[in-house]
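What follows is a set of notes on a single structure, which appears directly below.
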Ligand code: BG6
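Numbering (the numbering used here), first residue to last: 107 to 580.
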């Protein structure tokens with residue numbers, strides 16, 4: 107058996123894409139609560155001032171899949187599949203509705219007490235993200251989001267409260283979801299609204315510094331509260347960026363593009379700014395403002411493990427003309443790889459890229475890895491007898507899991523695997539329900555209509571067997 111006996115199999119969701127109950131029990135608004143669905147969402151994400159000034163007809167996060175009220179039934183389904191781990195996030199504005207209060211919202215804390223107790227009832231280990239694209243809206247409107255150093259203090263207060271409160275219920279924590287998203291969709295990642303006359307790179311990298319410091323402060327708090335009983339991880343939207351051709355210029359471009367994505371993890375794992383940032387920042391005209399204690403803090407409190415999402419590899423070319431032909435995929439543009447198929451949403455499918463990415467990450471950091479997102483967003487049809495024949499999803503996952511096991515056989519130390527959207531939820535990028543990832547179908551459509559009933563898909567039974575056999579049936 108290649109995988110460890112206690113390998114953590116499971117699934118992942120995020121508060122803002124599942125819970126709904128967007129104002130219940132004292133919750134404040136987060137940045138996602140002002141985002142619509144479909145084409146308008148794209149516009150709002152890249153031009154958030156528009157979203158702030160507009161009234162949309164439908165806000166998918168407001169009800170999402172109503173997980174706030176259905177979590178017991180949903181976790182029971184996860185337990186039936188044999189989950190050992192369940193990744194979710196805590197909604198920051200449920201705990202601090204505006205973000206800058208001195209005292210937390212007790213009702214919000216109680217919800218997560220119940221949620222984590224419910225997981226533990228079935229022996230499921232919660233894996234908890236502190237900030238998954240849902241910075242409190244007030245912190246954006248009042249303070250300018252993560253460009254403002256004050257957010258470090260607000261985040262630290264929030265982190266301390268939840269780390270302390272759930273110290274006997276949660277062992278695995280992630281400080282920021284896909285921290286490198288900040289460079290690609292700055293509003294999602296950092297609540298940033300960047301003006302046309304600003305140096306966007308300066309704003310983004312300064313906000314990144316604030317998050318890196320905040321991440322180390324959370325790690326410090328975690329160690330003080332619960333010592334080695336906590337495992338703190340970073341989280342990268344990972345994807346090896348291949349050169350478009352074997353031309354040395356393309357290879358160099360790929361090295362440089364990979365450094366840009368690894369930058370965050372280089373700091374979070376090695377505890378210092380990598381030497382390539384000297385040149386990068388000089389060329390981008392970026393100057394990071396630091397406080398005197400920042401460097402020592404980053405060095406003293408690196409993460410314990412490296413978690414990441416993987417959906418696709420990417421391709422880059424040094425030729426600007428070639429680069430113009432990029433295709434879609436998550437928030438990241440890529441050239442079309444002629445050797446790969448793509449999903450209905452144009453995301454290229456590359457299982458071997460997962461093995462490549464795992465080898466690269468492990469070689470670079472020599473810390474345990476945790477795959478905390480992977481999966482296929484697809485259109486599903488509910489059959490008359492209440493299931494979905496999602497062989498395409500099974501095929502996608504089977505090929506990725508086989509490559510994951512190959513990587514472990516290559517020598518990579520892997521803690522676990524949580525598939526993304528183990529129950530259908532609202533898409534982060536498009537706000538659609540139609541883009542489904544789950545083993546469990548949720549009867550809701552893009553406009554929020556439907557019964558919200560849950561149905562087990564074919565992949566539900568398939569994944570159950572994968573877990574039962576610890577991957578041996580693949
Ligand atoms: C990751 C995010 O970027 O990709 C998730 O961490 C997101 O929140 C997932 O849902 C899939 O993206 P999408 O746009 O299909 O929901």
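Backbone N, C-alpha and C fix where the C-beta goes; we use that ideal spot for every residue, glycine too.
Task: the segment 507–515 in contact with the segment 122–136 per 3-pair CB rule at 8 Å - done: Here the segment 507–515 makes no contact with the segment 122–136; the two share fewer than three CB pairs at distances below 8 Å.
Open item on the list: On the criterion of 16 or more Cβ atoms from any shown chain inside 10 Å, does residue 297 qualify as buried, or is it exposed?
Closed with: For the purposes of this step, residue 297 is identified with residue 191 of the chain shown, where counting begins at 1. Label assigned to residue 297: buried.
TODO: Output the residue ranges of the alpha helix (DSSP H) runs that lie fully inside the segment 287–335 and measure 4 residues or longer, sorted by chain position.
DONE: As far as the segment 287–335 is concerned, its whole alpha helix (DSSP H) runs of at least 4 residues are 287–290, 292–296 and 306–332.
- [ ] Please say whether residue 323 and residue 284 have beta carbons closer to each other than 8 Å?
- [x] Within the chain shown, the letter at position 178 stands for residue 284. Within the chain shown, the letter at position 217 stands for residue 323. Inclusion of residue 284 and residue 323 in the CB contact set at 8 Å is not warranted, their separation being larger than that value.
- [ ] Pull up the DSSP beta-bridge partners for residue 639, would you.
- [x] The chain is shown from 107 up to 580; residue 639 falls before or after that span and cannot be answered.
Open item on the list: Is any non-hydrogen atom of the ligand HEM found closer than 7 Å to the C-beta of residue 241, if you look at the structure I gave you?
Closed with: The model depicted lacks the ligand HEM and carries the ligand BG6 instead.
TODO: Below 7 Å CB to CB, which residues in the same chain sit around residue 305 once its five sequence neighbours on both sides are set aside?
DONE: In the chain shown, residue 305 corresponds to position 199, counting from 1. In its chain, beyond the 5 residues on either side, 391 have a beta carbon closer than 7 Å to the beta carbon of residue 305.
- [ ] Please check the pair residue 449 and residue 440, which I expect to be a contact at CB under 8 Å, by giving their CB distance rounded to whole angstroms.
- [x] As a working mapping, residue 449 is identified with position 343 in the chain shown. As a working mapping, residue 440 is identified with position 334 in the chain shown. Their Cβ separation, rounded to whole angstroms, is 13 Å, which puts residue 449 and residue 440 out of contact at 8 Å.
- [ ] Specify the secondary structure class of residue 383 as computed by DSSP and reduced to three states.
- [x] Numbered from 1 along the chain shown, position 277 holds the residue referred to as residue 383. Looking at residue 383 - three-state DSSP - the assignment turns out to be helix.
Open item on the list: Under 7 Å: does the beta carbon of residue 517 sit that close to some heavy atom of the ligand BG6?
Closed with: Position 411 of the chain shown, counted from the start, is the residue given in the question as residue 517. For the ligand BG6, no non-hydrogen atom lies closer than 7 Å to the CB of residue 517.
- [ ] Give the single residue among 568, 567, 566 and 546 whose Cα lies nearest to the Cα of residue 558.
- [x] On the chain shown, residue 558 is found 452 positions in, with the first residue counted as 1. Ranking 568, 567, 566 and 546 by Cα distance to residue 558 puts 546 first.
TODO: Report the three-state DSSP secondary structure of residue 566 (helix, strand or coil).
DONE: As a position in the chain shown, residue 566 is number 460, starting the count at 1. Looking at residue 566 - three-state DSSP - the assignment turns out to be helix.
- [ ] Count the other CB atoms, across all protein chains shown, that sit within 10 Å of the CB of residue 225; report buried if there are 16 or more and exposed otherwise.
- [x] Taking the first residue of the chain shown as position 1, residue 225 is located at position 119. That one is buried.
Open item on the list: Taking contact to mean 3 or more Cβ pairs, one atom from each stretch, closer than 8 Å, check whether the segment 227–234 and the segment 259–278 are in contact.
Closed with: Contact between the segment 227–234 and the segment 259–278 is present: three or more C-beta pairs spanning the two stretches fall below 8 Å.
Open item on the list: If the criterion is Cβ atoms closer than 8 Å, does the pair residue 533 and residue 483 meet it?
Closed with: Here the question's residue 533 lines up with position 427 in the chain shown. Here the question's residue 483 lines up with position 377 in the chain shown. For residue 533 and residue 483, yes; Cβs fall inside 8 Å.
TODO: Could you tell me whether the Cβ atoms of residue 168 and residue 560 are closer together than 8 Å?
DONE: Translated into the one-based positions of the chain shown, residue 168 becomes position 62. Translated into the one-based positions of the chain shown, residue 560 becomes position 454. Against a cut-off of 8 Å, the Cβ pair of residue 560 and residue 168 comes out as no contact.
Task: Inter-residue Cα distance where the pair is residue 541 and residue 552 - done: Residue numbering aside, residue 541 sits at position 435 when the chain shown is read from its first letter. Residue numbering aside, residue 552 sits at position 446 when the chain shown is read from its first letter. Each residue's Cα considered, the two are about 9 Å apart.
Open item on the list: For residue 501, tell me which candidate among 457, 530, 140 and 517 has the shortest Cα-Cα distance.
Closed with: Counting from 1 along the chain shown, the entry for residue 501 is found at position 395. Selected option, being the one with the closest Cα: 457.
Open item on the list: Residues in the same chain with beta-carbon distance under 6 Å from residue 495, minus the five sequence neighbours each way, listed in chain order, please.
Closed with: Here residue 495 corresponds to residue number 389 of the chain shown, with the count starting at 1. The answer, listed in chain order, is 564.
TODO: Out of 220, 411, 485 and 210, point me to the one whose CA is closest to residue 451's CA.
DONE: Numbered from 1 along the chain shown, position 345 holds the residue referred to as residue 451. Minimum Cα distance to residue 451 is reached at 485.
Open item on the list: Here's the rule I'm using: 16 or more other beta-carbon atoms within 10 Å means buried, otherwise exposed. How should residue 415 be labelled?
Closed with: For the purposes of this step, residue 415 is identified with residue 309 of the chain shown, where counting begins at 1. Buried is the call here.
Open item on the list: In the DSSP assignment, the alpha helix (DSSP H) including residue 248 goes from what residue to what residue?
Closed with: Counted from its first residue, the chain shown places residue 248 at position 142. That run of the alpha helix (DSSP H) goes 243–249.
Open item on the list: Could you tell me the alpha carbon to alpha carbon distance between residue 522 and residue 428, rounded to whole angstroms?
Closed with: As a first step, residue 522 is located in the chain shown; it is residue number 416 there, counting from the start. As a first step, residue 428 is located in the chain shown; it is residue number 322 there, counting from the start. If you take the alpha carbons of residue 522 and residue 428, they lie about 38 Å apart.
Task: Rounded C-alpha distance that separates residue 520 from residue 303 - done: Counted from its first residue, the chain shown places residue 520 at position 414. Counted from its first residue, the chain shown places residue 303 at position 197. When the Cα atoms are used, residue 520 and residue 303 turn out to be separated by approximately 44 Å.
Open item on the list: At the level of alpha carbons, what is the spacing between residue 258 and residue 571?
Closed with: Here residue 258 corresponds to residue number 152 of the chain shown, with the count starting at 1. Here residue 571 corresponds to residue number 465 of the chain shown, with the count starting at 1. Taking the straight line from one Cα to the other gives about 44 Å.
TODO: Reducing DSSP to helix, strand and coil, say where residue 278 ends up.
DONE: The residue you call residue 278 lines up with position 172 of the chain shown. The three-state secondary structure of residue 278, taken from DSSP, is strand.
Open item on the list: Taking 8 Å as the threshold (C-beta atoms), are residue 245 and residue 206 in contact?
Closed with: Mapped onto the chain shown, residue 206 falls at position 100. Mapped onto the chain shown, residue 245 falls at position 139. Contact: yes.
- [ ] Can you check the segment 424–492 for any alpha helix (DSSP H) of at least 4 residues that lies completely inside it and give the ranges in chain order?
- [x] Within the segment 424–492, the complete alpha helix (DSSP H) runs of at least 4 residues are 426–429 and 457–471.
Task: Reduced DSSP category for residue 342 - H, G, I as helix; E, B as strand; rest coil - done: To locate residue 342, count along the chain shown from 1; it is residue 236. The three-state secondary structure of residue 342, taken from DSSP, is strand.
- [ ] Could you give the DSSP three-state label for residue 510: helix, strand or coil?
- [x] Numbered from its first residue, the chain shown carries residue 510 at position 404. In the structure shown, residue 510 sits in a helix (DSSP, three-state: H, G or I).
- [ ] In angstroms with no decimal places, state the Cα-to-Cα distance between residue 492 and residue 108.
- [x] Reading the chain shown from its first residue, position 386 is the one you call residue 492. Reading the chain shown from its first residue, position 2 is the one you call residue 108. Residue 492 and residue 108 have their C-alpha atoms spaced approximately 36 Å apart.
TODO: List in chain order: all unbroken alpha helix (DSSP H) runs of 4+ residues lying wholly within the segment 211–267.
DONE: Residue ranges of uninterrupted alpha helix (DSSP H) with 4 or more members, entirely inside the segment 211–267 and ordered along the chain, are 212–227 and 243–249.
Open item on the list: Using a Cβ-Cβ cutoff of less than 8 Å, which residues in the same chain neighbour residue 580 once the five nearest sequence positions on both sides are dropped?
Closed with: The sequence position of residue 580 within the chain shown is 474, counting from 1. Annotation for residue 580: 504, 507, 508, 511 and 572 place their beta carbon closer than 8 Å to its own, counting only its chain and skipping 5 residues before and after.
TODO: Note down the Cα distance separating residue 163 from residue 388, rounded to an integer number of angstroms.
DONE: Working through the chain shown from its first residue, we reach residue 163 at position 57. Working through the chain shown from its first residue, we reach residue 388 at position 282. Each residue's Cα considered, the two are about 45 Å apart.
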